[in-house]
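Worksheet: one structure, shown below.
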Amino acid sequence: MHDRALVFDGIGQDFPSPGQRNKVRVLDGISFDVDHGKFVAVIGPSGCGKSTLLQMAAGLLIPTRGAVHHRGRKIGSINTEVGFVPQQAQLFPWKTLAENVELPLLLRGVAAGERRQRVASALNSVGLKGFEQHFPSQLSGGMQKRGSIARTLVYRPDIILMDEPFGALDAQTRMVMQSDLQSLSMEAGATVIFVTHDITEAVLLADHVVVLSQRPSRLLANIPIDLPRPRNMFEPFRNPGFEAAYDAVWTEFRSQIDTGRVH
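Letter by letter, the sequence shown follows residues 1 to 263 of UniProt numbering.
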């Protein structure tokens, strides 16, 4: 277990149901490992608990049953060694881009000189050099999303958790962001868990795709994606082996159409 970045071990999660005595079972016996430096995508029907798994990895939620281990340590409180990129950029509108990115370092008591250097490096890595003094309202949606990613990268987390980060972007910007994320993860050797509802996005980005069932969610498959990198995000079918990888994921996922609407 110590040689894994994350281990989800028999995870079960129940939530109270308003106005009812019985609780709603969202996750039921989910187990899978995430190796160091790997990019794992998690897909499944809407409401199946994909985001719940990220909350557990971040220590924001303790599972009803089972446990999540980070580098062999059971997560029982806030996990400060992970970075979280939410669906919305969530930049503070009254702060400049540089101030937004700097905030995690301020909270950790990092010295001013090191803060400046790390902020500059993070913004440069996401292509936002020269926009340090811009406010969020002066940035496009894609640039705000890059700023959110820079804010996560700046404190060098051991694992990056991403909850459908590109879902609200237009198609062109989304492909650009996918390409940028691939480059960043390859250069940094980062461990990434990426929640998405898009099978194409999952196959293009991931080393493994975890497929979850309808609620109460069970693990349907953990599929290795052996496409060579770098991958072409703009023309998926030009990637050798893409169609076979997509079909492997879709074969597992399509069984859920009969048990509920797939999003």
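Note that CB positions come from ideal geometry on N, CA and C, so glycine has one too.
Inter-residue spacing [alpha-carbon to alpha-carbon] between R21 and P216: As a working mapping, residue 21 is identified with position 21 in the sequence shown. As a working mapping, residue 216 is identified with position 216 in the sequence shown. One C-alpha to the other measures close to 17 Å.
Residue of R231, E201 and N232 minimising C-alpha distance to W250: As a position in the sequence shown, residue 250 is number 250, starting the count at 1. Here the closest residue by C-alpha is E201.
- request: Would you grab the beta carbon distance between F194 and M162 for me? Rounded to a whole angstrom, and I think it's under 8 Å.
  value: Reading the sequence shown from its first residue, position 194 is the one you call residue 194. Reading the sequence shown from its first residue, position 162 is the one you call residue 162. That belief holds up - the Cβ atoms of F194 and M162 are roughly 5 Å apart, short of 8 Å.
message: Going by DSSP, what residue range makes up the alpha helix (DSSP H) through D247?
response: Numbered from 1 along the sequence shown, position 247 holds the residue referred to as residue 247. Its alpha helix (DSSP H) spans residues F242 to F253.
- prompt: Can you tell which of D247, A168 and R238 has its C-alpha closest to the C-alpha of I225?
  reply: Position 225 of the sequence shown, counted from the start, is the residue given in the question as residue 225. When only C-alpha atoms are compared, the closest one is D247.
- prompt: Based on Cα-Cα distance, which residue from M177, D170, T173 and A168 lies nearest to A150?
  reply: If you number the sequence shown from 1, residue 150 lands on position 150. Nearest C-alpha to A150: M177.
query: Which partner residues of A67 appear in the DSSP bridge assignment?
result: As a position in the sequence shown, residue 67 is number 67, starting the count at 1. A67 pairs with D9.
task: Could you say which of A221, D3, L60 and L128 lies nearest to N79 if we only look at CA atoms?
output: Within the sequence shown, numbered from 1, the residue matching residue 79 stands at position 79. Of the residues A221, D3, L60 and L128, the one whose Cα lies closest to the Cα of N79 is L60.
query: Looking at the structure shown, is V126 part of a helix, part of a strand, or coil, going by DSSP?
result: Counting from 1 along the sequence shown, the entry for residue 126 is found at position 126. Three-state DSSP puts V126 in coil, outside helix and strand.
Between the CA atoms of Q138 and K74 - distance to the nearest angstrom: The residue you call residue 74 lines up with position 74 of the sequence shown. The residue you call residue 138 lines up with position 138 of the sequence shown. Approximately 42 Å between the Cα atoms of the pair.
- prompt: Nearest to residue 292 by CA position, among Q117, V68 and F39, is which residue?
  reply: In the structure as shown, the chain begins at 1 and stops at 263. Residue 292 is therefore absent and cannot be evaluated.
- prompt: At what residues does the beta strand (DSSP E) containing G83 begin and finish?
  reply: Position 83 of the sequence shown, counted from the start, is the residue given in the question as residue 83. G83 -> beta strand (DSSP E) spans V82 to V85.
message: Here's the rule I'm using: 16 or more other beta-carbon atoms within 10 Å means buried, otherwise exposed. How should K129 be labelled?
response: Working through the sequence shown from its first residue, we reach residue 129 at position 129. Classification of K129: exposed, given that the 10 Å Cβ count is below 16.
field: CB contact flag (Q55, L97, <9 Å)
entry: By 1-based counting over the sequence shown, the position of residue 55 is 55. By 1-based counting over the sequence shown, the position of residue 97 is 97. No, the pair does not count as a contact, with Cβ atoms beyond the cut-off.
field: Assigned secondary structure, residue 271 (DSSP; H/G/I helix, E/B strand, else coil)
entry: Nothing about residue 271 can be read from this structure; the chain reaches only from 1 to 263.
task: Specify, as a first and last residue, the run of the beta strand (DSSP E) that N222 falls within.
output: Position 222 of the sequence shown, counted from the first residue, corresponds to residue 222. Taken as a continuous stretch (DSSP letters only), the beta strand (DSSP E) holding N222 covers L219 to P224.
message: Three or more C-beta pairs under 8 Å: does that hold for the segment 111–123 against the segment 16–35?
response: No, they do not touch.
task: Sort out for me which residues DSSP pairs V209 with in a bridge.
output: In the sequence shown, counting from the first residue as 1, residue 209 sits at position 209. Its beta-bridge partners are A41 and I223.
task: Assign K50 to one of two classes, buried (16 or more other C-beta atoms within 10 Å of its C-beta) or exposed (fewer than that).
output: As a first step, residue 50 must be located in the sequence shown, where it is residue number 50. A residue is called buried when at least 16 other Cβ atoms come within 10 angstroms of its Cβ; K50 meets this threshold and is buried.
- prompt: Using a Cβ-Cβ cut-off of 6 Å (strictly less than) and excluding sequence neighbours within five positions of V262, which residues of its own chain qualify?
  reply: Residue mapping note: residue 262 aligns to position 262 of the sequence shown, counting from 1. Annotation note: pLDDT 45 at V262 (below 50); position unreliable, coordinate value reported separately. Excluding residues within five positions, the ones whose Cβ falls inside 6 Å are P45 and Q256.
query: How would you call P63, buried or exposed, if buried means at least 16 neighbouring beta carbons within 10 angstroms?
result: In the sequence shown, residue 63 corresponds to position 63, counting from 1. The residue is buried, with at least 16 neighbouring Cβ atoms inside 10 Å.
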